[in-house]
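One structure is given here, and the rest of the page talks about it.
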Amino acid sequence: DGGITQSPKYLFRKEGQNVTLSCEQNLNHDAMYWYRQDPGQGLRLIYYSQIVNDFQKGDIAEGYSVSREKKESFPLTVTSAQKNPTAFYLCASSKWAYNEQFFGPGTRLTVL
Amino acid sequence: KNEVEQSPQNLTAQEGEFITINCSYSVGISALHWLQQHPGGGIVSLFMLSSGKKKHGRLIATINIQEKHSSLHITASHPRDSAVYICAVGVDNNNDMRFGAGTRLTVKP
Numbered sequence: 369d370g371g372i373t374q375s376p377k378y379l380f381r382k383e384g385q386n387v388t389l390s391c392e393q394n395l396n397h398d399a400m401y402w403y404r405q406d407p408g409q410g411l412r413l414i415y416y417s418q419i420v421n422d423f424q425k426g427d428i429a430e431g432y433s434v435s436r437e438k439k440e441s442f443p444l445t446v447t448s449a450q451k452n453p454t455a456f457y458l459c460a461s462s463k464w465a466y467n468e469q470f471f472g473p474g475t476r477l478t479v480l
Numbered sequence: 006k007n008e009v010e011q012s013p014q015n016l017t018a019q020e021g022e023f024i025t026i027n028c029s030y031s032v033g034i035s036a037l038h039w040l041q042q043h044p045g046g047g048i049v050s051l052f053m054l055s056s057g058k059k060k061h062g063r064l065i066a067t068i069n070i071q072e073k074h075s076s077l078h079i080t081a082s083h084p085r086d087s088a089v090y091i092c093a094v095g096v097d098n099n100n101d102m103r104f105g106a107g108t109r110l111t112v113k114p
């Protein structure tokens with residue numbers, strides 16, 4: 369089955385630690401995205417990648433980093449510089465940039 | 006002011022009722038998306054439209070480009086329709102996406 373997966377579903381980290389969230393897709397999509405969702409707010413774009421080895425900052429990139437070494441994978445690192453990292457993180461992919469997007473199940477990160 | 010506004014924020018209905026969720030936007034768009042987010046957090050794309058009307062089962066989405074407004078209708082609502090419905094727009098000229106805050110729908114049996 370084709371789809372987009374994120375792991376883990378729940379993640380707990382101590383303040384000051386970096387943490388990497390996984391996102392994998394087997395849809396052969398060129399574009400991939402990371403969003404952050406906070407209660408009562410719309411999704412906000414952290415980073416996106418339109419092609420392998422290339423990515424751009426979204427609206428709230430500070431304190432985050434990404435890599436796109438393979439077409440299938442777009443991991444997101446939440447660094448200790450992110451002031452308020454506790455949130456729900458969603459990964460998405462699309463055939464082309466900002467075509468219809470397919471979303472992963474999300475990772476809920478809690479920083480203690 | 007947010008570029009994408011949804012109303013209502015919360016909506017409770019009885020099973021069988023006709024539901025309407027509204028979305029207004031203030032930017033030029035290439036397309037408008039309606040998404041459904043289930044309680045577990047997963048998001049499913051329901052519609053992508055740039056004009057007119059689309060129908061899928063009991064769901065109908067309409068868009069009026071001149072008025073910068075879209076509606077999502079659910080006919081014969083069912084408790085399994087309970088979810089958060091999100092309106093999102095692809096911003097014209099820069100391929101950016103903007104999301105509404107969502108409408109939380111609860112359908113009671």
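Chains as they are written, first to last, in the working numbering: chain A, 369 to 480; chain B, 6 to 114.
We treat Cβ as the ideally placed atom computed from N, Cα and C, and that holds for glycine.
(request) List the endpoints of the continuous beta strand (DSSP E) containing residue 418 of chain A. (result) Residues 412-419.
(message) Tell me the DSSP secondary structure of residue 85 of chain B in three-state form.
(response) If DSSP states are grouped into helix, strand and coil, residue 85 of chain B belongs with the helices.
(message) Quick check on DSSP: helix, strand or coil for residue 91 of chain B?
(response) Of the three classes helix, strand and coil, the one that applies to residue 91 of chain B here is strand, per DSSP.
(message) Applying the 10 Å Cβ sphere with the 16-neighbour rule, what's the burial state of residue 36 of chain B?
(response) Classification of residue 36 of chain B: buried, given that the 10 Å Cβ count is 16 or more.
(request) Might you give, ordered along the chain, the residues of its own chain that have their beta carbon closer than 6 Å to the beta carbon of residue 109 of chain B, omitting 5 neighbours on each side? (result) Annotation for residue 109 of chain B: 15 and 89 place their beta carbon closer than 6 Å to its own, counting only its chain and skipping 5 residues before and after.
(message) Is residue 413 of chain A close to the ligand NAP? I mean its beta-carbon at under 7 Å from any heavy atom of the ligand.
(response) The model on display carries no ligand, and the ligand NAP is accordingly not part of it.
(message) I'd like the span of the beta strand (DSSP E) that includes residue 441 of chain A, first residue to last.
(response) Here residue 441 of chain A belongs to no beta strand (DSSP E), and DSSP marks it neither H nor E.
(request) Measure from the C-beta of residue 56 of chain B to each C-beta in chain A and report whether the shortest distance is under 8 Å. (result) No, residue 56 of chain B lies away from the interface with chain A (no Cβ there is under 8 Å from its Cβ).
(message) Taking a contact to mean a Cβ-Cβ separation below 8 Å, would you say residue 18 of chain B touches residue 94 of chain B in this structure?
(response) Against a cut-off of 8 Å, the Cβ pair of residue 94 of chain B and residue 18 of chain B comes out as no contact.
(message) Across the stretch 436-446 of chain A and the stretch 384-394 of chain A, are there enough close Cβ pairs to call them in contact, namely three or more that are closer than 8 Å?
(response) Taking a contact to require three or more Cβ pairs closer than 8 Å, the stretch 436-446 of chain A and the stretch 384-394 of chain A qualify as touching.
(request) Find out if the Cβ-Cβ distance for the pair residue 395 of chain A, residue 456 of chain A is shorter than 8 Å. (result) With respect to residue 456 of chain A, residue 395 of chain A sits apart: the two C-beta atoms are not nearer than 8 Å.
(request) Spell out whether any CB of chain A is found under 8 Å from the CB atom of residue 106 of chain B. (result) It does: the Cβ of residue 106 of chain B has a partner Cβ on chain A nearer than 8 Å.
(request) List the residues of chain A that residue 9 of chain B touches, going by C-beta distances under 7 Å, in chain order. (result) Those are 410, listed as they occur along chain A.
(message) Could you check whether the stretch 426-434 of chain A touches the stretch 403-412 of chain A, counting it as contact only if at least three pairs of C-beta atoms, one from each stretch, sit closer than 8 Å?
(response) Touching, yes.
(message) Rounded to whole angstroms, what is the Cα-Cα separation between residue 58 of chain B and residue 433 of chain A?
(response) Using only the alpha carbons, I get a separation of about 39 Å.
(message) Could you pull the DSSP bridge partners for residue 68 of chain B from this structure?
(response) In DSSP, residue 68 of chain B forms a bridge with B/57 and B/75.
(message) Pull the bridge partners of residue 22 of chain B from the DSSP assignment, please.
(response) Beta-bridge pairing links residue 22 of chain B to no other residue.
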